[in-house]
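In this note's numbering, the protein residues as written are 126 to 404. Down below is the structure, laid out as structure tokens.
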Ligand SMILES: [Zn+2]
């Protein structure tokens with residue numbers, strides 16, 4: 126059953142990758158290769174699982190979701206001990222008794238407990254809900270995509286959001302292999318999904334020299350947005366992605382980011398750039 130679950134996870138990831146491409150490149154983007162891969166993956170499911178997938182995927186993008194701390198990570202439903210055991214054993218498909226999504230036991234990255242917090246007090250709005258000055262790196266040292274992801278994941282660790290960076294880097298680089306997240310205007314959006322136990326978090330780094338980055342319009346990335354995404358915020362992430370891309374296709378916003386010489390000034394530039402696009 127583990128291979129069936131892995132197959133479903135990959136299928137879901139590929140579907141989300143297609144959604145990301147639509148968010149970044151608009152509804153007219155050429156996604157024939159992705160469509161074909163998704164079709165093939167769905168067709169090759171075992172008939173019984175295929176029927177379940179077909180039913181669930183009509184309702185929502187997320188049809189398979191990790192169990193976290195004995196709960197469904199999508200709807201938060203607490204599971205009975207016998208269900209927790211069944212998910213761990215993975216001999217049969219276990220559906221969440223509340224939302225019906227297929228559950229799996231994840232050994233993915235988790236949060237250490239802290240949530241992103243802006244230095245400003247009071248109610249948080251906009252980008253401050255997902256990021257903070259401590260997650261800004263105005264001058265990345267890395268010269269490779271993996272190195273940049275590692276530095277940005279390191280900021281999440283230093284700020285106390287995650288305990289280790291290895292799984293974040295591994296997850297993000299696996300995602301990059303499916304389809305590079307580099308897009309035009311030297312932007313890149315590496316990310317890792319299934320980081321449970323906290324909220325969505327965004328770290329932002331600048332490489333003035335530029336880092337080779339594959340992707341649809343890729344080439345060189347100078348503006349690197351790294352996100353750790355709990356499964357339940359997967360659909361919201363697509364909006365965040367579209368908002369960031371919209372802000373940073375504007376030259377004035379890229380210029381302000383390049384001029385930032387401290388985490389605080391980069392944070393201010395990011396907050397200003399996303400004022401209207403990230404809500
Ligand atoms: Zn559920």
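Quick reminder that beta carbons are idealized off the backbone N, C-alpha and C, glycines included. Note that the structure is a prediction, hence the values are computed from the model and not measured.
Am I right that residue i and residue j are in contact with their C-beta atoms under 8 Å? What's the rounded C-beta distance?
i, j, result
"residue 163", "residue 143", "7 Å"
"residue 403", "residue 262", "Wrong, their Cβ atoms sit about 19 Å apart, outside the cutoff."
"residue 312", "residue 370", "7 Å"
"residue 293", "residue 278", "4 Å"
"residue 236", "residue 360", "Going by Cβ atoms, the distance from residue 236 to residue 360 rounds to 19 Å, so no, they are not a contact pair."
Quick check: what's the CA-CA separation for residue i versus residue j?
i, j, result
"residue 390", "residue 306", "26 Å"
"residue 242", "residue 283", "The predicted model places residue 242 with a pLDDT of 49, which falls under 50 and marks its position as unreliable; any figure quoted below should be read in that light. Taking the straight line joining both Cα atoms gives about 14 Å."
"residue 300", "residue 393", "29 Å"
"residue 356", "residue 316", "12 Å"
"residue 354", "residue 268", "25 Å"
"residue 291", "residue 231", "15 Å"
"residue 289", "residue 339", "26 Å"
"residue 458", "residue 314", "Only positions 126 to 404 of the chain appear in the structure, and residue 458 is not among them; the question remains open."
"residue 166", "residue 184", "19 Å"
"residue 286", "residue 328", "11 Å"
"residue 136", "residue 186", "10 Å"
"residue 387", "residue 265", "12 Å"
"residue 272", "residue 173", "42 Å"
Measuring alpha carbon to alpha carbon, tell me which of the options ends up nearest residue i.
i, options, result
"residue 221", "203, 213, 237, 233", "203"
"residue 213", "191, 226, 357", "191"
"residue 225", "200, 231, 404, 217", "200"
"residue 456", "223, 185, 229, 209", "Limits of the chain in this structure are 126 at one end and 404 at the other, which puts residue 456 out of reach."
"residue 330", "346, 317, 322", "346"
"residue 140", "303, 256, 369", "303"
"residue 182", "314, 227, 350, 335", "227"
"residue 175", "218, 156, 211", "218"
"residue 362", "170, 295, 255, 211", "255"
"residue 324", "350, 358, 388, 310", "358"
Does DSSP put residue i in a helix, in a strand, or in coil?
i, result
"residue 230", "strand"
"residue 258", "helix"
"residue 367", "helix"
"residue 388", "helix"
"residue 330", "strand"
"residue 402", "coil"
"residue 126", "coil"
"residue 361", "helix"
"residue 346", "strand"
"residue 275", "helix"
"residue 296", "helix"
"residue 285", "coil"
So, is the C-beta of residue i closer than 8 Å to a C-beta in chain E?
i, result
"residue 184", "Absence of chain E from the displayed structure is noted, only one protein chain being present."
Report task. Could you name each continuous beta strand (DSSP E) segment of 3 residues or more that falls completely within the region 166 to 242, going from the start of the chain to the end? Result -> 189 to 193, 227 to 230
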